[in-house]
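Asks: In our numbering, the protein residues as written are 315 to 432.
Cβ coordinates follow ideal geometry from the N, Cα and C atoms, glycine included.
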Ligand code: FES
């Protein structure tokens, strides 16, 4: 397993993302969502769009008429090309769990954000 130091934790505050030039075509997007780090390949499994340039939002469900529930802290990433949505925690597409974006483990080691390329 290769390691890549993304930067210091102060360089990636909550709500920010950083695209790093590793992992092949498009690179890998590293996200800080309320203090938790996620990393995904910047290549949408649908048609190859720049997935990590998409908007983040909470997971919204509708269990009953006129009822909307929000789950999570904004870990849903919407691809900018065709708006398919992926859960950054698993990489899975919301509407077809067979379609999955590549995810990578991220750790914090002595204030450094470390991406693990597996
Ligand atoms: S390329 Fe991402 S949804 Fe189509």
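In the DSSP assignment, find the beta strand (DSSP E) that holds residue 404 and state where it starts and stops.
Replies: Locating residue 404 in the chain shown gives position 90, counting from the first residue. From DSSP, residue 404 is part of no beta strand (DSSP E); its letter is neither H nor E.
Asks: Rounded to the nearest angstrom, how far is the Cβ of residue 326 from that of residue 427, given a contact under 8 angstroms?
Replies: Within the chain shown, numbered from 1, the residue matching residue 326 stands at position 12. Within the chain shown, numbered from 1, the residue matching residue 427 stands at position 113. Their Cβ separation, rounded to whole angstroms, is 6 angstroms, which keeps residue 326 and residue 427 in contact under 8 angstroms.
Asks: Between the alpha carbons of residue 400 and residue 343, how many angstroms are there, rounded?
Replies: Residue numbering aside, residue 400 sits at position 86 when the chain shown is read from its first letter. Residue numbering aside, residue 343 sits at position 29 when the chain shown is read from its first letter. In a straight line, the C-alpha of residue 400 is about 13 angstroms away from that of residue 343.
Asks: I need the residues with a C-beta less than 7 angstroms from some heavy atom of the ligand FES; please give them in chain order.
Replies: 358, 360, 361, 362, 363, 365, 393, 395, 396, 397 and 398
Asks: Helix, strand or coil for residue 365? Go by DSSP, reduced to three states.
Replies: For the purposes of this step, residue 365 is identified with residue 51 of the chain shown, where counting begins at 1. Helix, per DSSP.
Asks: Using the three-state DSSP reduction, which class does residue 332 fall into: helix, strand or coil?
Replies: In the chain shown, the residue the question calls residue 332 occupies position 18. If DSSP states are grouped into helix, strand and coil, residue 332 belongs with the strands.
Asks: First and last residue of the beta strand (DSSP E) that includes residue 389?
Replies: Counting from one through the chain shown, the residue named residue 389 turns up at place 75. Element bounds for residue 389: 381 to 392.
Asks: Count the other C-beta atoms from every protein chain shown that fall within 10 angstroms of the C-beta of residue 368, then say buried if there are 16 or more, exposed otherwise.
Replies: Translated into the one-based positions of the chain shown, residue 368 becomes position 54. When all chains shown are included, residue 368 counts as buried.
Asks: Taking residue 317 as the reference, which of 402, 365 and 335 has the closest Cα?
Replies: Working through the chain shown from its first residue, we reach residue 317 at position 3. Of the listed residues, the one whose Cα sits closest to residue 317 is 335.
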